[in-house]
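As you go down the protein sequences, you meet chains Z and P in turn. The numbering of the first sequence is the working numbering, which starts it at 2 and goes up by one. The numbering of the second sequence is the working numbering, which starts it at 2 and goes up by one. Quick reminder that beta carbons are idealized off the backbone N, C-alpha and C, glycines included.
2 protein chains.
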Amino acid sequence: MKSLVLTELKTPLQLEERPDLEPGDGEVVVQLKAAALNRRDYWITQGLYPGIEPPVTLGSDGAGVISKIGSGVEGISNGDEVLINPGWNWGEDESAQASRFQILGVPRDGTFATEVLVPADAVHARPRHLNWHEAAALPLAGVTAFRAVFSQGQLQAGENVLVTGIGGGVATFALQFAKAAGATVFVTSSSATKIERACELGATAGFDYTDDGWAKRLQKEHGPMNLIIDSAGGDGYAGLIDVAAPGGRIVNYGATAGPPKKFDLMKVFWKQLRVLGSTMGSPRDFAAMLEFVQSKQLRPVLDKSFPLEQGNEALARMRDCEQFGKIVLEI
Amino acid sequence: MKSLVLTELKTPLQLEERPDLEPGDGEVVVQLKAAALNRRDYWITQGLYPGIEPPVTLGSDGAGVISKIGSGVEGISNGDEVLINPGWNWGEDESAQASRFQILGVPRDGTFATEVLVPADAVHARPRHLNWHEAAALPLAGVTAFRAVFSQGQLQAGENVLVTGIGGGVATFALQFAKAAGATVFVTSSSATKIERACELGATAGFDYTDDGWAKRLQKEHGPMNLIIDSAGGDGYAGLIDVAAPGGRIVNYGATAGPPKKFDLMKVFWKQLRVLGSTMGSPRDFAAMLEFVQSKQLRPVLDKSFPLEQGNEALARMRDCEQFGKIVLEI
């Protein structure tokens, strides 16, 4: 097998020849057709993640064909076309992951490879309306968006939803999911091009968050937001609290701009806001996400694909935040 | 009638003789037996509240006897013993109050008087197990605690609950309600005496929040907290985020110490915390609170009572945060 390996932090990934994988009890080997990138992969290359022990094969997202089946596995056959739920050992509590929770691709070898070893319960039939690239693009960002919008955010049809930082994988899924669920969706970005793309996907309007007063303008033109999906935090957070409707929800699945400069608790309690942390999703979230994507026939937005051998170029694109939708590796 | 009136901000209340009240359509007059103080009353005397137009009679909490009934009122008779729900015009949305929501006692004349005029739907039968002082002590703090603990906090039996700043009216009700609902309750205070009182009321342990490392000690000795009820915010907020269990809820009904110095959004999303603003409560919360208090035969904790004429002394006690439980005015 071939594997794109992080041999040392802050150095380019190396394409290595490794022994073929053999499944243990309850495991299967998936011959990968495509993988997809997450911001997590870039952070891992920079050492900005706990538990990294190079050499390790990166990659949480992948789709492919079952090629080997370990003992004790039932209901799966060689040749089955699958995608992989990369979140393992969530535990029994729907409200949060257990401490033993882990994501495929650090510490376990991931999907930037020709094959990957996973527990049998991590594979799900590939939705028939998705091609290999789309199937590989769905899992981690899809489940993260689904949990943020529905399990945590409790979106109702007809609500106003704001998705900040459109273009990233999770944000783009959040836009698609909220729109498909009957919400009116607004987005922010510092890129006019990304706002334009978001409007093509169904966003009603977009705002440049680097403009002072964007939140006031949004509220004046479209009313307050019932649900806000954010992964930035930082200085812009005060605007989110202002634009939230009384009783509104702000779901955060990231804090790429750091903690909020000001967290106005008085507004939070007076407006009865709900600030909800969310990360990834449970097996139940994953199954519900797949069902939603199938029932609405949604297709992940693909940014650009690279051959596996050009994984470093793909990571550079992720680093520079140039993408709109998912960056895919063709395997 | 006699009325304790704020004639000018930051001056003592004046006891005035005023014309007796006459009910309009759908209104009733309550001859008050007792009133109770809330921190809100002190803030109003200091001008720290919107919409204050002196002269105005303070007081949100009261209990007494129906003495006059306006036209169109059904199901209420003179002589009925009642307490008053001080929150009016909540609106249709359980998740937050409407903008026209108001609380008795600013802008409408309140309960620091021998009688008060209220809408008929604001009065509820006095729970039989409560004396007049206890009945007057219950409404605003009781509904605020009930909404924080149950409607927003979704407390489940067996959970660990932390109530910060014990001694205040809402905090003391939160302790009593959580304990009665089968939770294990912990408290914080800077006063050893208040912690002792809290333990008499059923708290398992108390911690001095001015001690560095109290949150770590709490967690080490008793595990993480599923629900935290806070009205302080401020520097201590980081400790609350640390001590919250994965998937835990932090409910804020105040921010007396200002916004959190640091709001660690990364911990919030990684731990999937729910930070929930809460203030006062809806008519549904109020009715549910009364039912809970009756079914559990709970009695409000009374701090000290003053005659109506000594309302300024009562306010001084509130200002100095000396109380444990509710400060009452005997009328």
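- prompt: For Z:G154, which of Z:F270, Z:I85, Z:A184 has the nearest alpha-carbon?
  reply: Within the first sequence, residue 154 of chain Z is the residue found at index 153, counting from 1. Selected option, being the one with the closest Cα: Z:A184.
message: For a test of the three-state rule: what should DSSP assign to P:D304, helix, strand or coil?
response: Counting from 1 along the second sequence, the entry for residue 304 of chain P is found at position 303. DSSP places P:D304 in strand when its eight states are reduced to three.
query: Cα separation between Z:P247 and Z:T8?
result: By 1-based counting over the first sequence, the position of residue 247 of chain Z is 246. By 1-based counting over the first sequence, the position of residue 8 of chain Z is 7. Taking the straight line from one Cα to the other gives about 50 angstroms.
message: Is there a C-beta anywhere in chain Z that falls below 8 angstroms from the one on P:D243?
response: Residue 243 of chain P sits at position 242 when you count from the first residue of the second sequence. By this cut-off, P:D243 is not an interface position.
- request: Just the chain Z side, please: which residues come within less than 7 angstroms of P:M267 by C-beta, in chain order?
  value: For the purposes of this step, residue 267 of chain P is taken as residue 266 along the second sequence, with counting starting at 1. Simply A256.
- request: For P:G169, I'd like the list of residues in its chain whose CB is within less than 6 angstroms of its CB, leaving aside the five on either flank, ordered along the chain.
  value: For the purposes of this step, residue 169 of chain P is taken as the residue at position 168 of the second sequence. So no residue of the chain qualifies.
- prompt: DSSP state of Z:Q15, grouped into three classes?
  reply: Taking the first sequence and counting its residues from 1, one reaches residue 15 of chain Z at position 14. Residue state, collapsed to three classes: strand.
- prompt: For P:H130, which three-state DSSP category applies?
  reply: As a position in the second sequence, residue 130 of chain P is number 129, starting the count at 1. Correct three-state label for P:H130: coil.
Element boundaries [beta strand (DSSP E), containing Z:K263]: As a position in the first sequence, residue 263 of chain Z is number 262, starting the count at 1. It is not in any beta strand (DSSP E) - Z:K263 carries neither H nor E in the DSSP assignment.
query: Using CA coordinates, which residue listed in P:I77, P:L202, P:G240, P:F270 is at the minimum distance from P:M226?
result: Here residue 226 of chain P corresponds to residue number 225 of the second sequence, with the count starting at 1. Looking at the Cα atoms, P:G240 is the closest of the given residues.
message: Do P:G237 and P:A206 have their beta-carbon atoms positioned less than 8 angstroms apart in this structure?
response: Counted from its first residue, the second sequence places residue 206 of chain P at position 205. Counted from its first residue, the second sequence places residue 237 of chain P at position 236. Not closer than 8 angstroms, so no.
- request: Could you have a look at P:V188 and say whether DSSP puts it in helix, strand or coil?
  value: Counting from 1 along the second sequence, the entry for residue 188 of chain P is found at position 187. It is a strand residue.
query: Using 8 angstroms as the threshold, is the region 38 to 54 of chain P in touch with the region 71 to 82 of chain P, meaning 3 or more CB pairs across them?
result: no
Per-residue contacts from P:N253 into chain Z (C-beta, under 8 angstroms): Within the second sequence, the letter at position 252 stands for residue 253 of chain P. Going along chain Z in sequence order, the residues near P:N253 (Cβ under 8 angstroms) are L266, V269, F270.
query: Do P:V302 and P:A35 come within 8 angstroms of each other at the CB atom, strictly closer than that value?
result: In the second sequence, the residue the question calls residue 35 of chain P occupies position 34. In the second sequence, the residue the question calls residue 302 of chain P occupies position 301. Cβ distance not < 8 angstroms, so P:A35 and P:V302 don't count as in contact.
field: Residue-level contact to chain P via CB, Z:S283, 8 angstroms cutoff
entry: If you number the first sequence from 1, residue 283 of chain Z lands on position 282. Closer than 8 angstroms: no.
- request: Report the residue from P:F208, P:K180, P:L202 whose alpha carbon sits nearest the alpha carbon of P:A193.
  value: Locating residue 193 of chain P in the second sequence gives position 192, counting from the first residue. Nearest C-alpha to P:A193: P:F208.
query: Taking DSSP as the reference, what is the three-state secondary structure of P:D231?
result: Residue numbering aside, residue 231 of chain P sits at position 230 when the second sequence is read from its first letter. P:D231 falls in the strand class under three-state DSSP.
task: Could you work out which residue in Z:A126, Z:E222, Z:M319, Z:M2 is closest to Z:V294 when comparing CA atoms only?
output: What you label residue 294 of chain Z is simply residue 293 of the first sequence in a count that begins at 1. Among Z:A126, Z:E222, Z:M319, Z:M2, the Cα nearest to that of Z:V294 is on Z:A126.
field: Inter-residue spacing [alpha-carbon to alpha-carbon] between Z:E18 and Z:M2
entry: Here residue 18 of chain Z refers to the residue found at position 17 when the first sequence is read from its first residue. Here residue 2 of chain Z refers to the residue found at position 1 when the first sequence is read from its first residue. Looking at the backbone, the Cα of Z:E18 and that of Z:M2 are separated by about 6 angstroms.
- prompt: Can P:V30 and P:V107 be called in contact, C-beta distance under 8 angstroms?
  reply: In the second sequence, the residue the question calls residue 30 of chain P occupies position 29. In the second sequence, the residue the question calls residue 107 of chain P occupies position 106. Contact flag unset, no.
query: DSSP state of P:F270, grouped into three classes?
result: Reading the second sequence from its first residue, position 269 is the one you call residue 270 of chain P. In this structure, P:F270 counts as helix in the three-state DSSP scheme.
message: Report the start-end ranges of each alpha helix (DSSP H) in the region 136 to 216 of chain Z that is 4 residues or longer and not cut off at the edges.
response: As far as the region 136 to 216 of chain Z is concerned, its whole alpha helix (DSSP H) runs of at least 4 residues are 140 to 147, 170 to 181, 193 to 201.
query: Along chain Z, which residues have their Cβ under 8 angstroms away from the Cβ of P:R1?
result: Residue 1 of chain P lies beyond the residue range present for chain P, which begins at 2 and ends at 332; the question has no answer from this structure.
query: Is the shortest distance between the beta-carbon of P:Q273 and the beta-carbons of chain Z less than 8 angstroms?
result: As a first step, residue 273 of chain P must be located in the second sequence, where it is residue number 272. Taking Cβ atoms only, chain Z reaches closer than 8 angstroms to P:Q273, which makes this a yes.
task: Taking only the alpha-carbon atoms, compute the straight-line gap between P:I77 and P:A121 and give it to the nearest angstrom.
output: Working through the second sequence from its first residue, we reach residue 77 of chain P at position 76. Working through the second sequence from its first residue, we reach residue 121 of chain P at position 120. Cα to Cα, P:I77 sits roughly 8 angstroms from P:A121.
query: For P:E28, which residues does DSSP report across the bridge?
result: Here the question's residue 28 of chain P lines up with position 27 in the second sequence. Partner(s): P:P120.
message: Considering Cα atoms alone, identify which of Z:G203, Z:E28, Z:T12 is closest to Z:G48.
response: Here residue 48 of chain Z refers to the residue found at position 47 when the first sequence is read from its first residue. Distance check between Z:G48 and each of Z:G203, Z:E28, Z:T12 places Z:T12 closest, using alpha-carbon atoms only.
query: So, helix, strand or coil for P:R318, using DSSP?
result: Position 317 of the second sequence, counted from the first residue, corresponds to residue 318 of chain P. P:R318: helix per DSSP, three-state reduction.
field: Unbroken alpha helix (DSSP H) run spanning P:I242, endpoints
entry: What you label residue 242 of chain P is simply residue 241 of the second sequence in a count that begins at 1. Unbroken alpha helix (DSSP H) run through P:I242: 238 to 244.
- request: List the endpoints of the continuous alpha helix (DSSP H) containing Z:I45.
  value: For the purposes of this step, residue 45 of chain Z is taken as the residue at position 44 of the first sequence. Run containing Z:I45: 40 to 46, per the alpha helix (DSSP H) assignment.
query: Going along chain Z in order, which residues have a C-beta closer than 8 angstroms to the C-beta of P:T58?
result: Here the question's residue 58 of chain P lines up with position 57 in the second sequence. By Cβ distance, chain Z contributes nothing, its closest Cβ being about 24 angstroms from P:T58, past 8 angstroms.
message: Just checking: is the beta-carbon of P:G234 within a distance shorter than 8 angstroms of some beta-carbon in chain Z?
response: Sequence index remark: in the second sequence, residue 234 of chain P carries index 233 (1-based). Chain Z, which has a Cβ nearer than 8 angstroms to the Cβ of P:G234, makes this yes.
- prompt: Is the shortest distance between the beta-carbon of Z:S96 and the beta-carbons of chain P less than 8 angstroms?
  reply: The residue you call residue 96 of chain Z lines up with position 95 of the first sequence. Output row for Z:S96: interface = yes.
Sufficient close CB pairs (3 or more, under 8 angstroms) joining the region 170 to 178 of chain P to the region 272 to 282 of chain P: no
- prompt: In chain Z, what lies closer than 8 angstroms to P:K263 by C-beta?
  reply: As a working note, residue 263 of chain P is residue 262 in the second sequence. Those within 8 angstroms of P:K263 in chain Z are P260.
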